[in-house]
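Taken in sequence, the protein lines are chains A and B.
So in this note's numbering the end of the first sequence lands on 709, straight run, no missing numbers.
So in this note's numbering the end of the second sequence lands on 224, straight run, no missing numbers.
So the structure is just underneath, and the comments pick up after that.
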Amino acid sequence: MRDLTNDILELIRRTSSSLPKDVEERLRAAVEKEAPGSAARGALETILKNIELSRANSTPICQDTGTPIFYVHYPEVCCSTRKIREQIRAALAEATKRSYMRPNAVDAVYDNNTGDNLGGDDFPYIHFEEVEADKPLVIELMLKGGGCENVGRQYSLPDNNLGAGRDLAGVRKVVLDAVQKAQGQGCAPGILGVAIGGNRGLSYTKSKEVLFDKLGARNADPKLAELEERLTEEANQMGIGPMGFGGQTTVIDTKITGLHRLPASYFVSVSYMCWAYRRRKMTVWEDRVEYD
Amino acid sequence: MRSITTPISDDLVRELKVGEPVLLSGVMVTGRDAAHKWLIETFIKKTREPKDGDLQVYEDLKKLLNGSVIYHCGPVVSGLDTKEYKFVAAGPTTSIREEPYQADVMKHFNVKGVIGKGGMGAKTLKGCQEVPFVYFHAIGGAASYIAQSVQKVLGVYKMEFGVPEAMWGIEVKDFPVVVTMDSHGGSQHAVIDESSKTVLDDLLARPY
Ligand code: SF4
C-alpha cells in the first residue's frame, strides 16, 4: 500500500477551507427567503462571503476547526488499518502546522493543549469499516464544531415534561424541543442528525454518522423520510433564524437513523451541526486520488 | 445600514435598538476568559497585585478601551515570529462565559460595546442600561471574512495568556454585527426565545 499522508493532508485542507457544494447551495437559497436589510439576511450574506474567501485563500472556514471524525472504508485484502491510522495522524499534525487546523486537543484532566491535534488514541476519532475486495479505499472526514456540539441533546423516552412517549410522535416532540433550546447558539442555520434507539454512546455516534450523507437524501424507510421532512419544516416555523436573529431558516435539513434498542431503553440523540458543515471524501484509485 | 466608528458616544448608544444591523469601524480590543478575569482581579476588585509592566498595560488599555469596543474572540494570528501580526481567522466566541465580569469591566473602562456570539445574561443587560453600552452579535463562524475587516494590529497585551487569550488592540473597517442587547433593556435573545417557545408549545399540542 502506498503512503497516503499527503493525500490525506489535502483532504483535510479541502474539508477545513472549502464548504461542500450541497451545503453552499442551501445557504444561497436561504438568503432569498429573508427580507432585504434584515439581520438574518445580513448574516447569511456574510456567511457566503466568508465561504468564498476561505476557499480562495485555503484558510479555515471557521477558526474552530472542530473534532476531526474520520470514517475509513477499506477493501478486504488491501490495507493495513494500523498504517492508515498512522498516516491520518501524521497528516493531521502537518495540517495543524500549516494552519489548516487549529490545535484543538485539550487534555481534559490536565488542561493542556497538545498543540498538534493528536490526543491519546481517540483524538482524532477514526472509524474503520471493511468493504468488498473490488471496492476502492474511501476516507471520509467531518469536522464537528464545538459550539454546535454543546447544544446537542439526548433524551430518554418517555419524557413526561414534553409528553413524549416511546414512538415517532415522541421522537418528533423531543427533536423540536432540542431545536428550541439550541436557539442560535449552534451557529444556526443548522443540520440535525438524529438517532433513535441504541445505547447512550452508540446513539450519539450514529446521530453524527448520518451527517456524512448528502443533503436532501432521505431515509429509505418512508415513515422516517416523512418525519425528516416534517421536522425541518416545523423547526423552521419557530422563527429562530440564522444566528438566532429571527428568520425563516433555522434548520436546513434533518437526517434520522433508526437503531435497535434494549426493551428497557429508548434514547433519542440529536447532534446539531452548524452551518459550517465541513465534510469531504477521498477515493483512492489505482493511479489517482479523487476528492469530492 | 448604519455605519459606526469608534469612539461611540452615549447618545449614539441610546439610539441603537435590538435587531439593527451595523457596520463597525475603528478601535477594538479582543478579550476572553483570561483577560476578563485578570482585569477584574488586578484593577477592579484589586485582589491580586499587578506584576511588572501591568500598570503600563493598564494605562494603554484605558486609552484604547475608552469609548470603544471589546471583542470576544480568540484569533488565529500569523507573523508571530517577526511581530508583523496579521489576523487570519477571527470569528466570535461564546460570550456567556464572561457574564460574571462583563458589566464591571465595561463600567470601569467606559467601554461602549461588546461583540460576541450567543448573547449574555441579566447582569450584563442591566449594565447595558446603566453604563450604557450595547451588545453586538457577530456572525458565528465567519472567521476569514471578519479577519479581513481587521486593517491593522495596534498592539498585543498579556501575550503570556497565549495567542487566543491575549488582548489584541486592532483597527477594523466595516465589521458586520447586529445589535442584540440594547441600553433600553431590550434583548433579541429573550424575545426570540419566548416567541419560539410559544410556537413549540403549539407544535407539541398538535396530534402526530
Ligand atoms: S458552531 Fe460551527 S460555525 Fe459556530 S463557531 Fe463552532 S465550528 Fe464555527
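Just so it is clear, CB atoms sit at the ideal spot from N, CA and C, and this is done for glycine as well.
task = Identify which residue in B/Q145, B/G35 and B/D27 has its Cα closest to the Cα of B/H200.
result = Looking at the Cα atoms, B/Q145 is the closest of the given residues.
request  = Return yes when the Cβ of B/V195 is within less than 8 Å of the Cβ of B/L32, no when it is not.
outcome  = When the beta-carbon positions are compared, B/L32 and B/V195 come within less than 8 Å of each other.
inquiry  = Comparing C-alpha positions only, which one of B/K168, B/D190 and B/Y151 sits nearest to B/A138?
reply    = B/A138 has its Cα closest to that of B/Y151, out of B/K168, B/D190 and B/Y151.
ask   = Hey, is B/C144 close to the ligand SF4, as in C-beta under 7 Å from one of its heavy atoms?
value = No, the beta carbon of B/C144 sits no closer than 7 Å to any heavy atom of the ligand SF4.
key: Span of the beta strand (DSSP E) around A/G675   = Run containing A/G675: V668 to G675, per the beta strand (DSSP E) assignment.
ask   = Listed in chain order, which residues are found with a beta carbon closer than 5 Å to a heavy atom of the ligand SF4?
value = In chain order, the qualifying residues are A/C479, A/D481, A/G562, A/G564, A/C565, A/C604, A/C691, A/A693, B/G156 and B/G157.
Whole-angstrom distance between B/W54 and B/F177, CA atom to CA atom = Straight-line Cα distance between these residues: approximately 10 Å.
task = Tell whether a beta-carbon distance below 8 Å holds between B/I86 and B/G42.
result = Cβ atoms of B/I86 and B/G42: not closer than 8 Å.
Rounded C-alpha distance that separates A/V588 from B/Y224 = Take the alpha-carbon of A/V588 and the one of B/Y224: they are about 10 Å apart.
ask   = Could you give the C-beta distance for A/A605 and A/P659, rounded to a whole number, given that I count them as a contact under 8 Å?
value = Rounded, the Cβ-Cβ distance is 6 Å, consistent with contact.
inquiry  = Let's see if you can read the secondary structure: which residues bound the alpha helix (DSSP H) around A/E626?
reply    = Note, A/E626: alpha helix (DSSP H), R617 to E626.
Beta carbon proximity, A/T671 to chain B, threshold 8 Å = With 8 Å as the cut-off, A/T671 does not count as an interface residue toward chain B.
request  = Give the interface partners of B/G132 over in chain E, defined as CB-CB distance under 8 Å, in chain order.
outcome  = Here chain E cannot be found, since the structure's protein chains are A and B.
query = Nearest to A/V494 by alpha carbon, out of A/K552, A/L558, A/W692 and A/I657?
reply = Of A/K552, A/L558, A/W692 and A/I657, the residue nearest in Cα terms is A/K552.
request  = Measure the Cβ-Cβ separation of A/S435 and A/R472 and say whether it is below 8 Å.
outcome  = With a cutoff of 8 Å on beta-carbon distance, A/S435 and A/R472 are scored as near each other.
Residue-chain proximity (A/V570, chain B), Cβ-Cβ < 8 Å = In the sequence on display, residue 570 of chain A carries Arg and not Val. Chain B, which has no Cβ nearer than 8 Å to the Cβ of A/R570, makes this no.
A/D670 versus A/A642, A/R678 and A/G454, residue with shortest Cα-Cα distance = That would be A/A642, whose Cα lies nearest to the Cα of A/D670.
ask   = What number of angstroms, rounded off, separates the C-alpha of A/G656 from the C-alpha of A/G663?
value = Distance between the alpha carbons of A/G656 and A/G663: 5 Å.
message = Is there a Cβ of chain A sitting closer than 8 Å to that of B/L71, yes or no?
response = No, because no Cβ of chain A sits closer than 8 Å to the Cβ of B/L71.
task = Give the single residue among A/E651, A/D524 and A/R635 whose Cα lies nearest to the Cα of A/V591.
result = The shortest Cα separation from A/V591 among A/E651, A/D524 and A/R635 belongs to A/E651.
request  = Consider the Cβ of B/G129: report whether some Cβ of chain A lies at a distance smaller than 8 Å.
outcome  = Answer no: the Cβ-Cβ gap between B/G129 and chain A never drops below 8 Å.
query = Given 8 Å as the limit, is there contact between the region 510–524 of chain A and the region 568–580 of chain A, that is, 3 or more CB pairs closer than that?
reply = Because the criterion of three Cβ pairs below 8 Å is not met, the region 510–524 of chain A and the region 568–580 of chain A do not touch.
Cutoff 8 Å: B/H205 Cβ touching any chain A Cβ = Output row for B/H205: interface = yes.
key: CB contact check: A/W692 to chain B, cutoff 8 Å   = For A/W692, the answer is yes, since a Cβ of chain B falls inside 8 Å of its Cβ.
message = I need the boundaries of the alpha helix (DSSP H) containing B/D209, first residue and last residue.
response = Here the alpha helix (DSSP H) through B/D209 covers Q204 to A221.
query = Is B/A106 closer than 8 Å to B/V29 when the C-beta atoms are compared?
reply = Taking 8 Å as the cut-off, the beta carbon of B/V29 is found no closer than this to the beta carbon of B/A106.
request  = Identify whether B/A105 lies in helix, strand or coil by the three-state DSSP scheme.
outcome  = Looking at B/A105 - three-state DSSP - the assignment turns out to be strand.
request  = Check whether the Cβ of B/H200 lies closer than 8 Å to any Cβ atom in chain A.
outcome  = Chain A places no beta carbon closer than 8 Å to that of B/H200, leaving this residue out of the contacts.
task = Answer yes or no: do B/V92 and A/Q654 have a C-beta to C-beta separation smaller than 8 Å?
result = Their beta carbons are not under 8 Å apart, which means B/V92 does not touch A/Q654 by this criterion.
task = Return helix, strand or coil for A/L593, following the three-state DSSP convention.
result = For A/L593, the secondary structure class from DSSP, reduced to helix, strand or coil, is helix.
Cutoff 8 Å; reference A/T476; Cβ partners in own chain excluding five residues on either side = Cβ-Cβ distances below 8 Å link A/T476 to S434, L470 and S516 in the same chain, with the five nearest sequence neighbours on each side left out; the list follows chain order.
task = Kindly list the residues whose CB is nearer than 7 Å to the CB of A/E547, restricted to its own chain and excluding five residues on each side of it in sequence; keep chain order.
result = So the list reads Y491 and E493, once near-sequence residues are dropped.
task = Ignore the nearest five residues each way along the sequence and tell me which others in A/V716's own chain have a CB closer than 8 Å to its CB.
result = Given that chain A is displayed from residue 418 to residue 709, the structure contains no residue 716 of chain A and the question cannot be resolved.
Buried or exposed (CB count within 10 angstroms, at least 16 for buried), A/V526 = The residue is exposed, with fewer than 16 neighbouring Cβ atoms inside 10 Å.
key: Selected residue, minimal CA-CA separation from A/Y689, among A/L619, A/L676, A/Q602 and A/A510   = Nearest option by C-alpha distance: A/Q602.
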